[in-house]
Amino acid sequence: EAVADLKLLFSLAEKFGYSDWIQFDASVVRGLAYYTGIVFECFDRDGKLRAICGGGRYDQLLSTFGGDDIPACGFGFGDAVILELLKEKGLLPPLNHQVENIVCALDHNLQGAASMVATTLRGKGQSVDLVLESKPLKWVFKRAARINAQRLILVGTTEWQKGMVGVKILSSGEQYEIKLDELE
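According to the numbering used here, numbering within the sequence shown proceeds without interruption in unit steps and concludes at 635.
Okay, structure coming up:
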């Protein structure tokens with residue numbers, strides 16, 4: 452049955468124009484016992500890197516978790532190989548390591564409010580790092596510096612009761628309060 456499956460696979464690959472892209476290797480063994488048929492690994496054209504992805508048939512996997520046997524095929528891949536390949540090919544876009552806003556709830560009861568502020572800013576296309584843990588302000592400022600945030604949005608009880616948040620521009624140290632709907 453396995454030989455017939457392989458013959459069918461290679462026949463279909465040829466018909467779809469993929470035969471130059473696949474090769475048979477009887478030494479490929481995937482490390483997981485749930486595979487029930489053909490297994491595969493994918494490599495870059497040069498073959499210099501380890502497998503970009505790998506997978507195979509696992510028709511009886513669901514029954515091991517109490518479900519019905521369902522024919523299935525799947526794969527997994529790691530980001531490290533993809534990243535290396537993109538770098539090597541010059542296809543990795545420049546990454547902006549700067550976060551525009553760091554939003555922090557100054558009280559545990561304001562986590563929902565801080566989440567709402569973060570959602571509002573994200574809805575305006577801004578990047579946001581949301582701090583919901585109870586952390587000292589010193590930690591928040593260190594984090595803001597580490598991630599190169601442009602401004603700190605503080606959600607405090609007094610300000611929130613007035614429909615406002617505190618803003619600190621980290622490059623200049625300027626501080627002010629602003630209504631949430633005016634926050635850009």
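C-beta: ideal position from N, C-alpha, C; glycine also.
Under a 10 Å Cβ-count criterion, Val616 is classified as buried, with 16 or more other Cβ atoms of the shown protein chains found around its own Cβ. Gly527 sits close to Gly505, with the two beta carbons spaced by under 9 Å. With fewer than 16 neighbouring CB atoms inside 10 Å of its own CB, Trp472 falls in the exposed class. If you look at Lys589, you'll find it isn't in any beta strand (DSSP E); it sits in the alpha helix (DSSP H) that goes 588-597.
Here the segment 584-603 lies against the segment 539-556, with 3 or more beta-carbon pairs under 8 Å apart. Taking C-alpha positions only, Phe494 is separated from Glu584 by approximately 42 Å. If you look at Phe491, you'll find it in the beta strand (DSSP E) that goes 490-493.
The Cβ neighbour count for Glu635, taken over all protein chains shown within 10 Å, is under 16; the residue is labelled exposed. Val568 and Leu631 do touch by the CB rule: their CB atoms are close to 7 Å apart, below 8 Å. Annotated three-state conformation of Gln612 is helix, per DSSP.
Using a 10 angstroms sphere on the CB of Gly507, the tally of other CB atoms reaches 16 or more, which defines it as buried.
Beta-bridge pairing by DSSP links Asp580 to Ile553.
DSSP places Glu628 in the uninterrupted beta strand (DSSP E) bounded by 626-630. Closest option to Ser623, judged by alpha-carbon separation, among Thr609, Glu633, Ala596: Ala596. Where Val532 is concerned, the enclosing alpha helix (DSSP H) starts and stops at 530-539.
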